[in-house]
Amino acid sequence: MWAALGRSWCVRSAAGRASRRWGGGSSEARRPRPFGTAPAGQGGNGDDGGSPGPDASAIRWRPGARRRPLSPLERVSRLLPQDALAQEVVLPGGPPLRPGELVLAEFRRKGRLEFRKIERGRLQCNWGLVPHSEVVGCPSGAFVPSSIGHPLLLRRPSLEEYVLLMRRGPAIAYPKDVSAMLLMMDVGEGDSVLEAGSGSGAMTLFLSRAVGSRGSVLSLEVREDHHRRALLNYQRWRESWGVAREEVWPDNVEFINKDIEAAAPHLEGRSFHSVALDMLNPQVVLPTVLPHLRQGAVCAVYLANITQVVDLLEGVRQSGLPLLCERVIEVTHRDWFLAPAIKKDGSHAPRVFPSRATDHGEEELGSEEESASCDQEEGNR
Numbered sequence: 218m219w220a221a222l223g224r225s226w227c228v229r230s231a232a233g234r235a236s237r238r239w240g241g242g243s244s245e246a247r248r249p250r251p252f253g254t255a256p257a258g259q260g261g262n263g264d265d266g267g268s269p270g271p272d273a274s275a276i277r278w279r280p281g282a283r284r285r286p287l288s289p290l291e292r293v294s295r296l297l298p299q300d301a302l303a304q305e306v307v308l309p310g311g312p313p314l315r316p317g318e319l320v321l322a323e324f325r326r327k328g329r330l331e332f333r334k335i336e337r338g339r340l341q342c343n344w345g346l347v348p349h350s351e352v353v354g355c356p357s358g359a360f361v362p363s364s365i366g367h368p369l370l371l372r373r374p375s376l377e378e379y380v381l382l383m384r385r386g387p388a389i390a391y392p393k394d395v396s397a398m399l400l401m402m403d404v405g406e407g408d409s410v411l412e413a414g415s416g417s418g419a420m421t422l423f424l425s426r427a428v429g430s431r432g433s434v435l436s437l438e439v440r441e442d443h444h445r446r447a448l449l450n451y452q453r454w455r456e457s458w459g460v461a462r463e464e465v466w467p468d469n470v471e472f473i474n475k476d477i478e479a480a481a482p483h484l485e486g487r488s489f490h491s492v493a494l495d496m497l498n499p500q501v502v503l504p505t506v507l508p509h510l511r512q513g514a515v516c517a518v519y520l521a522n523i524t525q526v527v528d529l530l531e532g533v534r535q536s537g538l539p540l541l542c543e544r545v546i547e548v549t550h551r552d553w554f555l556a557p558a559i560k561k562d563g564s565h566a567p568r569v570f571p572s573r574a575t576d577h578g579e580e581e582l583g584s585e586e587e588s589a590s591c592d593q594e595e596g597n598r
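Under our numbering, think of the first position of the sequence shown as 218, with each following residue one higher.
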């Protein structure tokens, strides 16, 4: 059995894109704030502690007054004793950033993400400079101010981010398409997979992670420059993984710089659980691949347009190969950008909370908030 995967160019759209920033234009408003359970003025999310907050006993419930709903953290904190609550939420941290591993610098501004790599002992971008000495030893996920005061988020990149940002020769198979192909091929731990068309090594990295230490991947590439680029990207990720995780990434990929028809000696006596083809004319190599494909296994083909899919199906029909086209799919991916609603005069529209109208035309509070307010009022009498 085999399956073909079609892909077409898509344009990322952003729904609800606004021309204004979150929280105004000052850099102080965009600074991350601690997330705690203490009340305002005592290390919580309110003021800095210079002026104490209003006394809780002075709060009165007024009929018809609309109050904001409680957050999940506030609901839980009301059920726990106050002496059991910490001032801030402390998350367990991983090992700090070490020399030799990959670092992703992220700066959020106007809904964009700016990624830069550290080169020549410093991180240099449009938002300032960060010396290499300040990066080494910094915990992953921490904000480091640049030379002009912009906060940069430094963290370890995921495999998806590395594939999108690594140096490439040919166009890569994007992670959304690779994930669909892995599901179609049903790649698991210990499988043996044949890949024809290494490209820049994107598909190879995902296959290497899927088969694990007990599996193997045979990656063939006819062009020498593409073969060299895929090998360098694979080795670079393995080295960074070993430094960051203090464990070895499985060395389960064999790169061969040959055409699949000329690599017959390397395929002799081997059978594969699945095959991934990423080339211009995959119908030409199907007679060579079929003898090494296990009974009932899947051959996933990555094609750029529907014309190539038609040529593939026509080639299979004319050759009379015992193959069945199961699915031809196109994977879509849409990014969303959320921003506050803005009126025509440029001001932010107020948020509308859900409410329930009563007979007197007043808004009724939730049962939990109403009971809490009534208890406070009875205690103050």
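Glycine included, each C-beta is placed from N, C-alpha and C at the ideal position.
Secondary structure of Pro348 (DSSP, three-state): strand. Sixteen is the threshold: when 16 or more other Cβ atoms of the shown chains lie within 10 Å of the Cβ of Ala427, as they do, the residue is buried.
Put simply, the segment 497-512 touches the segment 527-535. At least three CB pairs are less than 8 Å apart. By the criterion of a C-beta distance shorter than 8 Å, Arg453 is surrounded in its chain by Leu319 and Met383, once the five residues flanking it on both sides are discounted. Sorting Gly537, Arg325, Val527 and Arg511 by C-alpha distance to the C-alpha of Ser409 places Arg511 at the top. By the Cβ criterion, the segment 384-402 is not in contact with the segment 337-351, since fewer than three pairs of Cβ atoms, one from each stretch, lie closer than 8 Å. Judged by beta-carbon spacing, His444 lies within the 8 Å limit of Phe472, meaning their Cβ atoms are closer than that value. Taking every protein chain shown into account, the CB of Ala413 has 16 or more other CB atoms within 10 angstroms, so this residue is buried. Using a Cβ distance threshold of 8 Å, Ile389 and Ser430 do not count as a contacting pair.
Within the model, the alpha-carbon separation for Pro539 versus Met402 is close to 18 Å. Leu437 is a Cβ neighbour of Ala480, given a cutoff of 8 Å. If you compare the alpha carbons of Ser433, Leu449 and Asp562 with that of Pro467, the shortest gap goes to Ser433. Sequence-distant Cβ neighbours of Gln525 in its own chain, meaning closer than 6 Å and more than five residues away, do not exist here. Counting only residues of its own chain and dropping the five nearest sequence neighbours on each side, Pro313 has a CB closer than 7 Å to the CB of Gly354, Cys355 and Pro356. Closest by C-alpha distance to Leu400, out of Ser415, Leu424, Pro387 and Glu378, is Leu424. Under DSSP, Phe489 forms a beta bridge with Leu510. Taking all protein chains in view, the Cβ of His490 is crowded by 16 or more other Cβ atoms within 10 Å, so the residue is classified as buried.
Under DSSP, Ser436 takes part in a beta bridge, and its partners are Glu412 and Phe472.
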